[in-house]
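Comments concern the structure below.
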Amino acid sequence: MSSDESLSASHPTFPPDPAFTAQANGTAQMYADADADHEGFWAAQARERISWATDFDQTLDWSDAPFAKWYVGGELNAAYNCVDRHVEAGNGDRVAIHFEGEPGDTRTITYADLQREVSKAANALGALGVGKGDTVAIYLPMIPEAVVAMLACARIGAPHSVVFGGFSAEALNTRINDASCKIVITADGGYRRGAPSALKPAVDAALDHAETTVEKVVVVKRTGQDTPWNEGRDLWWSDLLDAASETHEAQPHDSEHPLFILYTSGTTGKPKGIFHTTGGYLTQCAYTNSVVHDVHPESDVYWCTADIGWVTGHSYIVYGPLANGATQVMYEGTPDTPHQGRWWEIIEKYKVTILYTAPTAVRTFMKWGHDIPAKFDMSSLRLLGSVGEPINPEAWLWYRKYIGGDRCPIVDTWWQTETGAIMISPLPGVTTLEPGSAQKPMPGISAEILDDEGHPFTEPEKVGYLVLTKPWPSMLRGIWGDPQRYKDTYWSRFGEKYYFAGDGAKYDADGNIWLLGRVDDVMNVSGHRLSTAEIESALVSHPKVAEAAVVGASDETTGQAVVAFVILRQEHIEEADEFGEGVDLVKELRNHVAKEIGPIAKPRTIMIVSELPKTRSGKIMRRLLKDVAEGREVGDVTTLADSTVMNAIKQGLGD
Ligand code: ATP
Ligand code: MG
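Take UniProt numbering: the last position of the sequence shown gets the number 655, and nothing is skipped along the way.
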């Protein structure tokens, strides 16, 4: 573990504060326990954290690898675990969700309220003929009904497939068909950037396509806007729930009963329908939310800013925190509506103690300037988290200083839709924090870095491939309807012993793991392996840069050449314009990279841009930038958040 002597790096490390350690849920002992008895450790997590209707008799069945079965013979109900048992334990009055709508409307939902709503929804689904094993598409804005709908499905054993509300009719159509959904739960609309934005017409368009398995469309009234209606097929959520009983007996389901299907973000290509089952998934969500986010349900106010349409929303808005009985904030809208301090205002208002967000948000706030959060009282915060992309050391330090008041530990959590829950992360109160690194596999998780030949190595600073070497409870059970693609994608690159994550990684001298971006994004410049993440971090460490994306473009002399796309911090944008397209600045930035990493990493081309192409979950889509850098037609943009961004960038290049 890194200590104060290792400050040779250009930035500091942060040992745990003893006061934090004294109250932390995670302990150093957990590493030792898990190392000594992997299955015993996971059996204990499952029994301590989850209520089983029937205890399991085998922790792991790996005989049909790579198809895992966890907690074999066990039976449980995920919704009961997330709701009813907290009411039964006398915590029905505890707030489960502080909902903040974008227009400023609020709702306070206790665990007892949630139990009533979930029970009514489960009864309503039953009345529509939805039963165990039927799949349900959920296409909703960030409103409490999304949580209720997911838990109602879990309760009756109907796997849900949540589709992000920002996706188009076409994306919705392919996801509905892929999972053969029986009903769709949607809303008239949601609030986005200060105005109602319709959702229901996209459902109509998605179902318009000839054959569909969808029998009914259930519509939540959120905005009250005019909504096209299909008599006989469409039903109001409120009518169904008003007619339904408030009590519903939750039946236990097999530990391996499918809980949900969720499509990956599509950062690297066509999304994959990942499916998860019940017992192992719920166990690892509850465990990680407890020891990584350090949630203390009696006292914390937790806020995960992800959308429910991403795995982060599934695991760390719905299943993890609710299984733990936590109180959380749920916010519907964008961070700059009606003003750029909206998040900080919410933190002040609800006295949020734990904030979990993505590097893309942190870099946006850096771009807007630190005087905005400075206007709010955020002294309630005690822990910050990051997920989704590597967080550049510079962004990490900014996050700690300007959001975390120089006191909050930051957990940089690496995981994937496929892994279901956090896999690599520091434990707050235990780990000395290294800005920019996700650091260590969690207790119970085993990871390695392999070279091209598939041999594990530990030497520092060498770039390799991240793999997971032991099954884990919340691992995906497959790609929906395509077991062969599951094997090919994850268990063949280095043989069936290793789960291939698709991410590049390296160790530092202290043995910390650094995630370096997608394997496809690692560049080869004159025979040197360079990572996009490292060059981006070097660019972001320049005081004028807010965000950067780097790609390797084919180059006749060097094999690949480094091409960088850079967004400046607000206060430097005019300056760059004044100096005629920022010519001096580009030179300055190229030299800065050479100084930080070495001349080999110096970008051949730097483009100053005002936006970067991102997925709807906020991740940079480097493959599109690579198309631009190599002068090709830009590839599939269906998962892009804003399709005009690529045109703007191409025009800029033409200058
Ligand atoms: P697709 O698989 O369709 O290309 P995606 O990989 O973006 O989409 P997700 O499952 O949402 O879809 O994202 C997981 C990926 O996000 C990881 O493989 C990794 O590349 C990146 N990631 C997540 N958290 C971190 C982190 N803390 N540090 C570095 N990278 C991270
Ligand atoms: Mg992926």
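Positions of the beta carbon are idealized from the N, C-alpha and C atoms, including for glycine.
Which residues does DSSP list as the beta-bridge partners of residue i?
i, result
"residue 214", "Note: residue 214 sits in no beta bridge, so no partner."
"residue 555", "559"
"residue 191", "196"
"residue 233", "In the DSSP output, where bridge partners are listed per residue, residue 233 has none listed."
"residue 464", "505"
"residue 676", "The structure shown does not extend to residue 676, since the chain spans only 1 to 655, so no value can be given for it."
"residue 27", "Answer is none; residue 27 lacks a bridge partner."
"residue 457", "Paired residue(s): none; residue 457 is not in a bridge."
"residue 607", "565"
"residue 99", "107 and 330"
Looking at residue j and residue i, is the spacing between their C-beta atoms short of 9 Å?
i, j, result
"residue 217", "residue 185", "yes"
"residue 380", "residue 396", "no"
"residue 159", "residue 189", "no"
"residue 476", "residue 465", "no"
"residue 113", "residue 89", "no"
"residue 69", "residue 57", "no"
"residue 553", "residue 626", "yes"
"residue 354", "residue 295", "yes"
"residue 102", "residue 333", "yes"
"residue 13", "residue 434", "yes"
"residue 611", "residue 636", "no"
"residue 83", "residue 262", "no"
"residue 638", "residue 266", "yes"
"residue 519", "residue 495", "no"
"residue 426", "residue 411", "yes"
"residue 325", "residue 25", "no"
"residue 629", "residue 551", "yes"
"residue 220", "residue 143", "yes"
"residue 361", "residue 335", "yes"
"residue 66", "residue 470", "no"
"residue 565", "residue 609", "yes"
"residue 276", "residue 297", "no"
"residue 315", "residue 474", "yes"
Going by DSSP in three states, residue i sits in which element: helix, strand or coil?
i, result
"residue 591", "helix"
"residue 485", "helix"
"residue 523", "strand"
"residue 506", "strand"
"residue 540", "helix"
"residue 2", "Below a pLDDT of 50, predicted positions are generally treated as unreliable, and residue 2, at 34, falls in that range; no measurement from the model is reported."
"residue 335", "coil"
"residue 642", "coil"
"residue 367", "helix"
"residue 439", "strand"
"residue 178", "helix"
"residue 17", "coil"
"residue 275", "strand"
"residue 93", "coil"
"residue 8", "Interpretation of residue 8 is limited by its pLDDT of 35, a score under 50 that renders its predicted location unreliable; no figure is taken from the coordinates."
"residue 655", "Confidence at residue 655 is low in this model, with a pLDDT of 40, below 50, so its placement is unreliable and the value that follows should be read with caution. Three-state result, residue 655: coil."
"residue 378", "coil"
"residue 161", "strand"
"residue 296", "coil"
"residue 121", "helix"
"residue 258", "strand"
How far does the alpha helix (DSSP H) with residue i in it reach, from first residue to last?
i, result
"residue 128", "Premise fails: residue 128 is in no alpha helix (DSSP H) and is neither H nor E."
"residue 514", "Run containing residue 514: none in the alpha helix (DSSP H); it sits in the beta strand (DSSP E), 513-518."
"residue 61", "Per DSSP, residue 61 belongs to no alpha helix (DSSP H); it is in the beta strand (DSSP E), 58-61."
"residue 280", "279-291"
"residue 147", "144-156"
"residue 320", "320-323"
"residue 393", "393-398"
"residue 310", "That residue, residue 310, is in no alpha helix (DSSP H); it is neither H nor E in DSSP."
"residue 69", "Counting along the chain, residue 69 falls outside any alpha helix (DSSP H), though it belongs to the beta strand (DSSP E) covering 69-72."
Quick one: give me the first and last residue of the beta strand (DSSP E) that residue i is part of.
i, result
"residue 38", "That residue, residue 38, is in no beta strand (DSSP E); its alpha helix (DSSP H) goes 38-49."
"residue 302", "301-304"
"residue 614", "Looking at the DSSP string, residue 614 is not in any beta strand (DSSP E), and its letter there is neither H nor E."
"residue 448", "447-450"
"residue 628", "No beta strand (DSSP E) holds residue 628; the alpha helix (DSSP H) holding it covers 622-629."
Any C-beta of chain C sitting closer than 9 Å to the C-beta of residue i?
i, result
"residue 144", "This model lacks chain C altogether, as it is built from one protein chain only."
- Indicate whether the contact test is met: 3 or more Cβ pairs, each with one atom in the segment 111-131 and one in the segment 31-45, closer than 8 Å. no
- Does the segment 415-430 touch the segment 19-33, meaning 3 or more C-beta pairs lie closer than 8 Å? yes
- Task: Taking 8 Å as the threshold, find out whether the segment 231-251 comes into contact with the segment 364-383 through three or more Cβ pairs.
- Result: no
- Query: Three or more C-beta pairs closer than 8 Å, one from the segment 299-310 and one from the segment 161-168: is that the case here?
  - Reply: yes
- Message: For the segment 498-518 against the segment 435-454, do three or more pairs of beta-carbon atoms, one drawn from each stretch, fall closer than 8 Å, so that the two count as touching?
- Response: yes
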